[in-house]
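>
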Amino acid sequence: MAGHSKWKNIRIRKGKQDAIRGQLFTKISREIIVAAKEGGGDPGMNPRLRVAVEKAREASMPVENIKRAIDRGTGAIEGASYEEIVYEGYGPGGSAVIVECYSENRNRTVSEVRHAFSKSGGNLAENGSVSWQFKHVGQIVVDREGVDEDQFTLDALEAGAEDVISDEDGFTAVTAIPDLHRASQHLEKAGYKATDIGLTYLATNKTELTPEDQPKLMRLLEVLEDLDDVQETYVNVDITEDMLQEA
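Residue numbering for the sequence shown follows our numbering, starting at 34 and increasing by one per position.
#1: Roughly how far, in whole angstroms, is the beta-carbon of Glu-91 from the beta-carbon of Glu-117, given that I think they are within contact range, below 8 angstroms?
#2: Pull up the distance between the alpha-carbon of Leu-253 and that of Ala-236, whole angstroms please.
#3: Would a check of beta-carbon distances place Glu-221 closer than 8 angstroms to chain D?
#4: Which residue wins for smallest C-alpha separation from Thr-233, given the options Ser-62, Leu-250, Val-119 and Leu-82?
#5: Could you please give me the residues that DSSP links to Phe-204 through a beta bridge?
#6: What are the boundary residues of the alpha helix (DSSP H) that includes Ala-102?
#7: Helix or strand or just coil, what does DSSP make of Gly-155?
#8: Gln-175 and Gly-203: beta carbons closer than 8 angstroms?
#9: DSSP puts His-282 in a beta bridge; with which residues?
#10: When the Cα of Asp-181 is compared with those of Ala-68, Ala-129, Gly-154 and Val-197, which residue comes out closest?
#11: According to DSSP, simplified to helix, strand and coil, what is Glu-245?
#12: May I ask which residues mark the beginning and end of the alpha helix (DSSP H) holding Glu-221?
#13: Start and end of the alpha helix (DSSP H) containing Ala-89?
#14: Measuring straight from C-alpha to C-alpha, what distance separates Arg-215 and Ser-93?
#15: Grab the span of the beta strand (DSSP E) containing Glu-116 for me, first residue to last.
#16: Quick one: residues in its chain with C-beta nearer than 6 angstroms to the C-beta of Arg-147, no 5 flanking neighbours on either side, listed in chain order?
#17: With a threshold of 6 angstroms on Cβ separation, who are the neighbours of Thr-205 within its own chain once the five nearest residues in sequence on each side are excluded?
#18: If we ignore side chains and look at the alpha-carbon of each, how far apart do Val-130 and Asn-160 end up?
#19: Going by DSSP in three states, Ser-136 sits in which element: helix, strand or coil?
#20: Looking only at its chain, what residues have a beta carbon closer than 6 angstroms to the beta carbon of Lys-41, apart from the 5 residues adjacent to it on each side?
#21: For Ile-45, which residues in the same chain have their Cβ closer than 6 angstroms to its Cβ, ignoring the five residues on either side in sequence?
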């Protein structure tokens, strides 16, 4: 399994989607709010919002919930104002972890994230402590069904992507952050439907864990994902199928 895979996708593959459905709605709502706040409330003109709305529909989120989240993001109705916050920390075995949060209460969020690290054998660190082990980039993810890898790679590079990553989830076009919007528009015009468009952290310096530390890391990721404010978690360890089965 590719090390850049998002932990929430791993959890869904582990069959926990039903158990976290309410939490999933909360996270998607916040994603819609932030996307609408940054790029406007028209999904046709805001690729990030369009993908978030599609996620909401796939998760069977009620239409009125989607509209309310968009309106909160654009300021059409009052509601909590979320900000994006990134925390860095060390997990078991010296693994590097980056945690992206959407929060309306920074003090509460940092307290919960710090507690999650400490109870799981890790520790929250200062900004910059582990981010040097990652590259902050844009990504455009498409499902592999019906997509030819060679053709997608050619189209992605023509669109301005720096690299294409293939795994069981699909194909990921990696871009420089300023090129993300232009590349996503190019690929959309070429007929590709993205399942995710946004920013991500790719590990450039991988850590190998001992068998004893592997389940500890999985526990930390579980605890972090259970926090409502946590949107994405990235780690510089390749998550293997064996680690999933033991978690």
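Every residue gets a Cβ at the ideal spot worked out from N, C-alpha and C, and that includes glycine.
Let me lay it out:
#1: On the sequence shown, position 58 is the one that residue 91 refers to. On the sequence shown, position 84 is the one that residue 117 refers to. That pair is no contact at about 23 angstroms.
#2: As a working note, residue 253 is residue 220 in the sequence shown. As a working note, residue 236 is residue 203 in the sequence shown. Rounded to the nearest angstrom, the two C-alpha atoms are 18 angstroms apart.
#3: In the structure shown, chain D cannot be found, because there is only a single protein chain.
#4: Numbered from 1 along the sequence shown, position 200 holds the residue referred to as residue 233. Per the Cα distances, Val-119.
#5: What you label residue 204 is simply residue 171 of the sequence shown in a count that begins at 1. Beta-bridge pairing links Phe-204 to Val-175 and Ser-199.
#6: For the purposes of this step, residue 102 is taken as residue 69 along the sequence shown, with counting starting at 1. It spans 96–107 - the alpha helix (DSSP H) in which Ala-102 sits, taken as one unbroken run.
#7: If you number the sequence shown from 1, residue 155 lands on position 122. In this structure, Gly-155 counts as coil in the three-state DSSP scheme.
#8: Counting from 1 along the sequence shown, the entry for residue 175 is found at position 142. Counting from 1 along the sequence shown, the entry for residue 203 is found at position 170. It should be noted that the sequence gives Val, not Gln, for residue 175. A contact, by the Cβ cut-off of 8 angstroms.
#9: This structure leaves residue 282 out entirely; the chain is present only between 34 and 280.
#10: One-based indexing of the sequence shown puts residue 181 at position 148. Of the listed residues, the one whose Cα sits closest to Asp-181 is Val-197.
#11: Along the sequence shown, read from residue 1 onward, the residue named residue 245 stands at position 212. Three-state result, Glu-245: coil.
#12: Looking up residue 221 in the sequence shown gives position 188. Start and end: 213–222.
#13: Here residue 89 is taken as the residue at index 56 of the sequence shown, counted from 1. Element bounds for Ala-89: 80–91.
#14: If you number the sequence shown from 1, residue 215 lands on position 182. If you number the sequence shown from 1, residue 93 lands on position 60. Their Cα atoms are separated by approximately 30 angstroms.
#15: In the sequence shown, residue 116 corresponds to position 83, counting from 1. Residues 116–123.
#16: Locating residue 147 in the sequence shown gives position 114, where the first residue counts as 1. Taken in chain order, the residues that qualify are Leu-157.
#17: Along the sequence shown, one-based indexing puts residue 205 at 172. If we look at Thr-205 and ignore the five residues flanking it on each side, its Cβ neighbours are Gln-172, Val-174 and Ile-198.
#18: If you number the sequence shown from 1, residue 130 lands on position 97. If you number the sequence shown from 1, residue 160 lands on position 127. Cα to Cα, the separation comes out at about 11 angstroms.
#19: Locating residue 136 in the sequence shown gives position 103, where the first residue counts as 1. Strand at Ser-136.
#20: Residue mapping note: residue 41 aligns to position 8 of the sequence shown, counting from 1. Caution applies to Lys-41, whose pLDDT of 46 falls short of 50 and renders its modelled position unreliable; the value that the coordinates give is listed next. Correct list: empty, nothing qualifies.
#21: Counted from its first residue, the sequence shown places residue 45 at position 12. Low per-residue confidence applies at Ile-45: pLDDT is 43, beneath 50, and the placement is therefore not dependable, though the value from the model is reported in the following sentence. The answer is none, since no qualifying residue turns up.
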